[in-house]
Amino acid sequence: MKNDPKKLLRFTPMERANHWLTAIIFFLAALSGLSFFHPFFFPLTQLFGGGVWTRILHPFFGVAMLLSFGGMFFRFKQQNVITPADREWLRHVREMAGGDDRNMPEAGKFNGGQKLLFWLFAACMALLILSGIVIWRAYFSFLFPVEAVRVASVVHAAAAAVMIALIIFHIYAAIWTRESIDAMLYGRVRRAWARQHHPAWFRQMTGGEK
Amino acid sequence: MALQSLDITRRSATTTPSPSQRKTQEVVKLIDVSKCIGCKACQAACMEWNDTRDKIGTNHGVLDNPMDLTANSWTVMRYSEVETGRGLEWLIRKDGCMHCADPGCLKACPAPGAIVQYSNGIVDFQEENCIGCGYCITGCPFNIPRLSGKDGKVYKCTLCSDRVAVGLEPACAKTCPTGAIVFGTKDDMIHHAEGRVADLKSRGFAEAGIYDPLGVGGTHVMYVLQHADKPGIYHGLPKDPSVSAMVTLWKGAVKPIASFALAAGVFGAFFHYVTKGPNEVSEEIEKEFKDEK
Ligand code: HEM
Ligand code: SF4
């Protein structure tokens, strides 16, 4: 049963909704933004009703993304404070990627990698909104000197590329770690899963048993 | 060949070669600032030929009118009162697109075919392909393209590409009553300009010269300036214009490389899965919790 109450609650319904809303808007923003990134991607404008519509819509997707991501940020910020144990986890990340988790320090609700990713997402989002406003020609660019618009164009393109790379990684990590997509879809995880991937969190949730 | 008298040799956001088999002579519009009397006949002729009409503005106490280029005013006269070694001088520069050999606008534009360069060097906007992002404004070293509030497209001087294609000179050159604007092949125009510079020098303008900045590969609109050492006194004409290093970085090789890197990331992930397998709950832990199943 997906929502067997014996399972551990990992994400509340609101957290899940917020996550998937952000994911959907991210895809809209990334696909529409990519179409201006390089001529190779220009055909993506067809997904949004042509070049002009894509140009009009993209910045609004960006603002929607900021609102939705902002919600996630404040929901999850406390749980993503990086501790010394997380730093230790990150030092062993190569072993983890190689499929050997014997030396990994016990992860809490989120492991060091997930926490680092969280802050990198937040940094990219901040850079994207700040630079995005400056290059938003229809409403804002005239407020800034042209040299600022040029710098912002570089920052926006770079932050977008980094964010897309991080998302590719994020999606793969979720596929690689079996059942973690279920956690975000249905909210609850098997105790064995929690014990395996997030032992410190498991103990906290089960009051120290095992 | 299609029914067109000029090949397009460069096209925005296009990574394969444009037709470059035929060779055409490069054209230049030469503006001799020393001969200009500021009558604005060229401004009027431009609006006439191109059917643009600007809003009636307000008088700012100077002759400049309108005060800046707009989507309807593709050329404006810039009047500067400057004190030089010769006393007070009234310098009048016809401002508009310089038709760079290496255009920053074309480099920046993300829409295929929204900006083109013809084989004779003219840089032209094709508004029907324009998406209105304004990247060309970011890319231009001369602050020329103007975004229309009416249709969200950018406009600028076409160097009367339609007239030139059928062997006519641009409307402004046609109308100039003093011959300050002349039009012809680049070689001829340089020759003509050299004569003008020699004349100015003989009349005491020691620093007279031609404005054909190499930072943008030379231009297809050139000036004869009385004070070519100080182009800035002509209403801020840039001294050594070039496409900004930021624009080169933004539009350079990093992007295709980054695109490949993203694709490589997806492939890398797939092969990681194939070689390392999924990250599953271990057998021992599964056994411990088997009652849960
Ligand atoms: C936060 C609010 C955002 C704003 C205000 C914004 C605004 C803009 C604007 C104005 C452009 C120029 C094209 C156009 O006019 O439509 C642009 C380009 C772009 N945006 Fe955004 N954007 C935002 C967020 C994002 C996000 C979340 C992504 C996804 C990763 C993204 C990816 C891109 C890309 C790849 C480009 C093309 C850059 C280039 O031409 O080099 N943007 N953005
Ligand atoms: S505004 Fe039009 S011409 Fe200028 S860069 Fe964007 S698509 Fe190209």
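From first to last, the protein sequence lines stand for chains H and X.
Per my numbering, the first sequence starts with residue 10, numbered consecutively.
Per my numbering, the second sequence starts with residue 6, numbered consecutively.
Backbone N, C-alpha and C fix where the C-beta goes; we use that ideal spot for every residue, glycine too.
A quick note: this is a predicted structure, and the numbers were derived from the prediction, not measured.
- If one requires a minimum length of 4 residues, the alpha helix (DSSP H) runs lying completely within the segment 64-131 of chain H are 93-100 and 102-106, in chain order.
- Neighbours of Val271/X across chain H, judged by C-beta separation under 9 angstroms: Ile177 and Tyr181.
- Close to Phe294/X, with beta-carbon spacing below 8 angstroms, are these residues of chain H in chain order: Arg199, Arg200, Ala201 and Arg204.
- Excluding residues up to 5 positions away in sequence, Thr31 and Met134 lie with their Cβ nearer than 6 angstroms to the Cβ of Phe78/H in the same chain.
- For Lys28/X, no alpha helix (DSSP H) segment is defined, and its DSSP state is neither H nor E.
- Contact between Leu11/X and Asn125/X holds: CB atoms are separated by about 6 angstroms, below the 8 angstroms threshold.
- The beta carbon of Lys244/X sits closer than 7 angstroms to those of Pro236 and Gly237, all from its chain and outside the five residues before and after it, given in chain order.
- Residues Thr183 and Ala185 of the same chain have their beta carbon placed closer than 6 angstroms to that of Lys40/X, with the five preceding and five following residues left out of the count.
- The beta carbon of Ile173/H is closer than 7 angstroms to those of Ala39 in its chain, skipping five residues each way along the sequence.
- Apart from the 5 residues on each side of it in sequence, Lys112/X sits with its Cβ closer than 7 angstroms to the Cβ of Gly144, Val248, Val252 and Lys256 in its chain, given in chain order.
- Per DSSP, reduced to three states, the secondary structure at Glu132/X is helical.
- The distance from the Cβ of Thr21/H to that of Gly196/H is about 7 angstroms, consistent with a contact at the 8 angstroms cut-off.
- According to DSSP, residue pairing for Asp69/X in a beta bridge does not occur.
- Our two residues, Thr186/H and Lys260/X, have alpha carbons roughly 31 angstroms apart in a direct line.
- If the five residues before and after Ala157/H are omitted, its C-beta is found closer than 8 angstroms to the C-beta atoms of Val143, all from its own chain and listed in chain order.
- The segment 285-293 of chain X and the segment 199-209 of chain H touch, with no fewer than 3 CB-CB distances between them shorter than 8 angstroms.
- With a minimum length of 4 residues, the unbroken runs of alpha helix (DSSP H) contained wholly in the segment 148-189 of chain H fall at 155-185.
- Among the residues of chain H, those whose CB is under 9 angstroms from the CB of Ser249/X are Val155, Glu156 and Arg159, following chain order.
- Using a Cβ-Cβ cut-off of 8 angstroms, Tyr84/X does not count as an interface residue toward chain H, since no Cβ of chain H sits closer than that to its own.
- Spatial neighbours of Leu66/H in its own chain (CB-CB distance under 7 angstroms, excluding positions within 5 residues in sequence) are listed in chain order as Ser41 and Phe57.
- Using a Cβ-Cβ distance cut-off of 8 angstroms, the segment 52-67 of chain X and the segment 199-219 of chain X are not in contact, since fewer than three pairs of beta carbons, one from each stretch, lie closer than that value.
- Shown here for His240/X: same chain residues with a beta carbon closer than 6 angstroms to its own, the five before and five after excluded, namely Arg83, Ser85 and Arg98 in chain order.
- In this structure, the ligand HEM has no non-hydrogen atom nearer than 7 angstroms to the beta-carbon of Ile180/H.
- The C-alpha of Phe130/H is placed about 8 angstroms away from the C-alpha of Leu175/H.
- Under the rule that a run must span 3 or more residues, the beta strand (DSSP E) segments found entirely inside the segment 157-212 of chain X read 186-190.
- In terms of beta-carbon proximity, Gly282/X lines the interface with chain H, with at least one pair separated by less than 8 angstroms.
- Ala18/X sits close to Cys114/X, with the two beta carbons spaced by under 8 angstroms.
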